[in-house]
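All remarks here apply to the structure that follows.
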Amino acid sequence: MLFNSLPFILFYIIVTIAYFKLPYKFRWILLLAASCYFYMAFVPIYILILGFTIVIDYYAGIYLEKITDHRKRRRFLVMSLVANIGVLAVFKYYNFIAFNINELFDVSGHKAPLAYLKILLPIGLSFHTFQAMSYTLEVYRGNQKAEQHFGIYALYVMFYPQLVAGPIERPQNVLHQFHEEHDYDFENLKAGLMQMATGFFKKVVIADRIAILVDGAYAHPQTQSGSSLCVAALFYGFQIYCDFSGYSDIALGAARTMGYNLMINFDRPFISTSVTEFWRRWHISLSTWFNDYLFTPIMIARRNWGKNAVVFALIVTFGISGLWHGAGWTFVIFGLLHGIAMVYEFKTKKFRKKLSKSWPHWLYNNLSIVITYLFACVTWIFFRSPYVHEAFYILSKIAHMNPFGPAAFAMNTPEIFFSIGLIVLLCIKEKYWLTIPTKNTFWFFVIFILMMCTCYLFGVFNNKQFIYFQF
Amino acid sequence: MRKALGYIVLMLTLAAFIISSVDDLTRIPAQAKYASKSWWGSDKYNHGDLYGMSYLPQFKATPHGQVVPNKAACEGTTRNLHVYAVSDSYTWDVFRYPANLCGASESGYAASNFFDQLPVRFDPTARNIIVIEANERNVLNVLNNVEYLNKAIHVLRPGEDTVLLETAGRRKRNFHFNFNMKDADANFEFNLWDYRFLTPIKEFKAWITYKWFNRTAPDVVVSPDKKYLFYNTTVDSTLHESSFKKVNDAQVNEVVSNLNKVYDNYKHQGFDEVYLAIIPNPVSVLCPNLNGMTYNHIIQRVQDNPNLKMRVFDSYHLFNNSPDKDKIYSHSDTHWTLFGERVWLDAFNKEMARENIK
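Structure, rendered in structure tokens:
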């Protein structure tokens with residue numbers, strides 16, 4: 001079920017009202033049933049995969065807490081991680097691995113040994129798998145008590161607002177909330193609804209509008225001029241931001257109306273002055289996940305390498321982070337480019353600090369913001385392109401473009417300016433308010449109704465899936 | 001009070017959700033909504049189906065009535081024809097009543113878009129004719145579906161009960177719940193958003209999007225002279241239904257070969273003649289070179305194929321050579337106008353008059 005659809009709006013109203021009408025002790029049943037339904041609205045059979053990992057991780061958590069023998073505990077942790085990564089490997093990465101092995105055989109003149117699986121990637125697989133893994137890891141580390149209630153644990157993995165595209169929650173933040181009694185709170189309702197409205201606005205008015213131009217350019221890059229592709233690459237950053245942060249806003253808002261607080265996933269990434277800062281503001285739940293469970297453990301394991309440990313950990317973490325996004329070399333390159341940029345920033349930290357002191361602050365700051373955004377746009381070309389060679393083709397066309405030459409777009413000039421206006425509006429809003437304040441009820445209603453009307457009148461309704469659903 | 005309001009909203013939304021998730025539950029209020037003239041009725045099909053997809057106010061057409069045949073064309077014919085059609089919505093009105101057809105004492109149709117079956121009692125004393133009618137956009141799918149086409153007109157054996165069969169317009173109810181919300185999306189939109197009192201808002205949105213951004217709903221395309229709406233599937237050259245999709249000779253031969261199988265089947269059952277009537281897409285007649293694209297001429301390539309056994313009723317040349325071809329198709333509908341329907345019916349009746357004499 002897509003958030004930007006009428007079925008979801010009805011579903012949300014039903015679940016939220018029913019939630020407050022039910023006695024506390026039955027609410028987890030409602031939320032779990034609703035979450036199962038929400039997930040099954042995509043491909044019903046894939047609920048079995050979720051069920052499999054939930055059962056494994058639930059028991060792994062209990063045993064991890066019960067058993068004191070270090071080696072046995074480690075074995076249970078590995079079993080749980082293998083189950084989760086195994087599901088990912090089969091459903092997400094098998095065909096990618098098979099393709100690469102087959103290509104190697106092909107190059108060496110041998111027959112391709114591996115057959116391909118004809119399966120559809122379960123929606124949001126990487127999100128709920130990572131969330132499940134964070135539970136067993138935290139129980140193993142002793143930071144979280146094992147959840148004894150199977151239903152509550154299942155709800156932790158399946159809670160519908162964040163089931164298919166995050167935020168990737170930590171058990172410490174969210175598990176205890178499912179045990180708490182949440183009363184109806186008008187302030188929560190207003191804040192949640194406003195955040196949802198903001199999310200809808202970002203998705204249907206900005207992201208899906210910009211997608212018209214971007215999709216048009218990326219569909220046939222051979223027929224596009226360098227300047228058209230350049231504009232599409234610059235716009236894509238805002239498309240993916242509005243698409244993904246729009247989803248997160250709706251998720252956070254929907255949870256908030258029922259009294260649940262999920263972690264924020266975006267914190268104005270476009271004001272980042274470095275790639276390092278960008279990853280502190282972009283997809284926060286994923287970058288902190290990698291920081292906690294991959295980067296830091298690698299650093300600790302290789303601490304005797306000195307500064308090289310950081311370099312190694314950054315490259316490995318970002319290479320895997322790229323692969324997390326999708327089973328393709330384009331995603332690996334996307335991740336590695338970010339890793340390399342962070343290594344560069346790490347190595348030049350002192351030099352850049354010195355440089356910043358010799359330049360006027362505003363100039364250095366704004367220039368850093370622009371360079372960071374342009375760098376992100378270049379890496380998103382790999383993210384958006386279906387093939388590596390196509391990404392390089394687009395980059396070379398942009399590098400050789402005539403900025404004053406003709407450019408054809410899949411939208412007319414007024415709509416391009418309208419889109420730019422929307423982006424400016426978004427940047428102004430983001431600069432001052434991460435979320436729109438809702439304390440004053442009168443202004444809440446005015447702004448909320450205005451946003452909903454704008455969403456309808458200026459929204460692009462083409463049933464476009466959220467970009468991150470594919471991960 | 002607030003508690004009661006909560007329950008009322010819950011019940012209403014739950015009812016709307018369930019009704020929208022089940023196709024046949026949605027169909028129950030749908031008939032009343034389409035027929036209603038009041039504020040809660042639907043404007044989706046009243047002013048042209050393409051208008052109902054786009055809500056562009058400049059294409060809001062007034063509904064037209066039923067086709068009336070030119071009685072003079074039928075003068076002197078006796079009624080001994082039984083004419084049965086496998087047809088789409090273009091000709092349902094034509095084949096519904098025998099009175100529309102020269103020399104016909106029996107007529108009926110199987111709706112091909114619903115895979116309906118028409119049960120008929122075969123009368124060897126009459127001249128039995130079958131018409132396989134398809135809109136151009138369905139040539140590659142419907143006309144290739146031999147299995148369906150061969151079963152669409154079902155000759156009843158003595159003692160066989162007609163009531164047991166699915167007949168045109170009377171499909172079996174299917175109350176299954178749509179888990180996949182994409183399938184149910186149209187129902188949700190219809191139940192929640194398709195009311196006459198909301199039409200001005202929809203028209204305003206469509207107007208803004210078209211005037212400012214030169215875009216329409218993705219299902220429709222505005223003709224270059226801005227007089228017609230075309231159905232996008234008939235225009236988008238990547239789709240099988242398009243008049244501009246490249247169709248190779250092997251694909252045409254496959255259609256002809258499949259039609260010959262259908263012909264053989266009905267001839268074997270004792271039918272006297274099997275006609276093929278392909279109704280052109282509006283864009284094929286009105287804008288065959290739309291946006292510099294090239295029309296694939298699939299109708300002529302099927303009809304003129306020397307291996308085709310069926311008798312052809314040539315609608316393409318009838319419309320393309322008509323001095324009034326700009327009046328044949330509706331400006332805001334995938335179908336023809338009443339005028340176009342009459343032109344087709346009169347020409348078809350001339351053909352039936354000839355059959356009647358045989």
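Residue numbers (the working numbering), protein chains in the order written: chain A, 1 to 471; chain B, 1 to 358.
Glycine included, each C-beta is placed from N, C-alpha and C at the ideal position.
key: Secondary structure, alpha helix (DSSP H): runs of 4+ residues fully inside the stretch 277-306 of chain A   = Complete alpha helix (DSSP H) runs here, min 4: 284-290, 296-301.
query = Can you give, in chain order, each stretch of the beta strand (DSSP E) that sits fully within the stretch 81-131 of chain B and has at least 3 residues?
reply = Listed in chain order, the beta strand (DSSP E) runs fully inside the stretch 81-131 of chain B are 81-87, 104-111, 118-120, counting runs of at least 3 residues.
Neighbour-count burial assignment, V107(A), 16 or more Cβ in a 10 Å radius = Flag for V107(A) reads exposed.
request  = Kindly indicate which residue of L323(A), W324(A), I152(A), T296(A) has the alpha-carbon position closest to the one of V311(A).
outcome  = Scanning L323(A), W324(A), I152(A), T296(A) for the CA closest to the CA of V311(A) turns up T296(A).
query = Taking C-alpha atoms, which residue in P171(A), L104(A), I67(A), Y12(A) lies nearest to L137(A)?
reply = The shortest C-alpha separation from L137(A) is found at P171(A).
Cβ distance (whole Å) where H359(B) is taken to contact Q117(B) below 8 Å = What is shown of chain B runs 1 to 358, which leaves residue 359(B) out entirely.
key: Min CB distance P288(B) to chain A below 8 Å   = Not closer than 8 Å to any Cβ of chain A, the Cβ of P288(B) fails to qualify, so no.
inquiry  = Can you tell me whether R74(A) is helix, strand or coil according to DSSP?
reply    = If DSSP states are grouped into helix, strand and coil, R74(A) belongs with the helices.
query = Since F382(A) is in the alpha helix (DSSP H), which residue starts that stretch and which ends it?
reply = First-last of the alpha helix (DSSP H) with F382(A): 361-384.
ask   = When you check each C-beta in the stretch 2-24 of chain A against every C-beta of chain B, which residues fall closer than 9 Å?
value = Along the stretch 2-24 of chain A, the positions whose C-beta sits under 9 Å from a C-beta of chain B are L2, S5, L6, P7, F8, I9, L10, F11, I13, I14, I17, A18, F20, K21, read in chain order.
ask   = Is DSSP giving I119(A) helix, strand or coil here?
value = In the three-state reduction of the DSSP assignment, I119(A) falls in the coil class, being assigned neither a helical nor a strand state.
ask   = Do you know whose CA, among N135(B), E106(B), V220(B), D225(B), lies nearest G52(B)'s CA?
value = Ranked by Cα distance from G52(B), the first of N135(B), E106(B), V220(B), D225(B) is V220(B).
ask   = How long is the line joining the alpha carbons of A99(B) and S105(B), rounded to whole angstroms?
value = One C-alpha to the other measures close to 8 Å.
ask   = Taking C-alpha atoms, which residue in F331(A), S274(A), T330(A) lies nearest to K353(A)?
value = Of the candidates F331(A), S274(A), T330(A), the one whose C-alpha sits nearest the C-alpha of K353(A) is S274(A).
query = Since R311(B) sits in a beta bridge, which residues does DSSP pair it with?
reply = Y275(B).
message = Against L50(A), what residues of chain B qualify as contacts under a CB-to-CB distance less than 7 Å, listed in chain order?
response = Going along chain B, no residue has its Cβ under 7 Å from L50(A), so there is no contact; the nearest lies around 15 Å.
query = Got a sec? Which residues, its chain only, sit under 6 Å from L252(A) by beta carbon, not counting five neighbours each side?
reply = Taking L252(A) as the centre and dropping the five residues before and after it, the same chain places the C-beta of Q195, L262 closer than 6 Å to its C-beta, in chain order.
ask   = Name the chain B residues whose beta carbon is nearer than 7 Å to that of N472(A)?
value = Here chain A comprises residues numbered 1 to 471, so residue 472(A) is not present and cannot be evaluated.
query = On the three-state DSSP scale, how would you describe I153(B)?
reply = The DSSP-derived three-state label of I153(B) is strand.
key: Other residues of its chain near A407(A): CB distance less than 6 Å, five sequence neighbours each side excluded   = S225, S227, S228, listed in sequence order.
Given 8 Å, three or more beta-carbon pairs between the stretch 106-113 of chain B and the stretch 87-96 of chain B = Three or more Cβ pairs closer than 8 Å define a contact, and the stretch 106-113 of chain B meets that threshold against the stretch 87-96 of chain B.
Nearest neighbour of E430(A), chosen from S272(A), G328(A), W305(A) [CA to CA] = Nearest in C-alpha terms to E430(A), of all of S272(A), G328(A), W305(A), is S272(A).
message = Does chain B have any CB closer than 8 Å to the CB of P161(A)?
response = No - not a single Cβ of chain B is within 8 Å of the one on P161(A).
task = Assign N135(B) to buried or exposed, taking buried as 16 or more other Cβ atoms, counted over all protein chains shown, within 10 Å of its Cβ.
result = Label assigned to N135(B): buried.
task = Kindly indicate which three-state DSSP category A191(A) falls into: helix, strand or coil?
result = Secondary structure at A191(A): helix, using DSSP grouped into helix, strand and coil.
message = With a threshold of 8 Å between beta carbons, is P406(A) in contact with chain B?
response = So, not an interface residue.
request  = Give me whichever residues DSSP pairs with L229(B) in a beta bridge.
outcome  = Paired residue(s): V222(B).
ask   = Is the beta carbon of V68(B) less than 8 Å from the beta carbon of N144(B)?
value = Contact flag unset, no.
query = By DSSP, does F96(A) sit in helix, in strand, or in coil?
reply = Helix.
inquiry  = Please list, in chain order, the chain A residues whose beta carbon lies closer than 8 Å to that of D185(B).
reply    = Chain A residues near D185(B): S5, L6, P7, N463.
request  = Round the Cβ separation of P324(A) and G237(A) to the nearest angstrom and send it over; I've been treating them as touching at under 8 Å.
outcome  = It is worth fixing the name first, because residue 324(A) is Trp in this sequence and not Pro. Actually they do not touch by this definition, with Cβ atoms about 19 Å apart.
request  = Using a Cβ-Cβ cut-off of 8 Å, state whether M411(A) counts as contacting chain B.
outcome  = Chain B contact via Cβ: present.
ask   = Per DSSP, F150(A) forms a beta bridge with which residues?
value = Beta-bridge pairing links F150(A) to no other residue.
ask   = Going by DSSP, which residues form a beta bridge with Y329(B)?
value = Bridge partners of Y329(B): W336(B).
task = Report the neighbours of K205(B) on chain A: residues whose CB is nearer than 9 Å to its CB, in chain order.
result = Y456, L457, F458, G459, listed in chain order.
key: Chain-order list of residues whose beta-carbon lies under 7 Å from that of L114(A) (same chain, five-residue window excluded)   = Around L114(A), the same chain offers A98, I101, N102 as residues with beta carbons nearer than 7 Å, after the five sequence neighbours per side are excluded.
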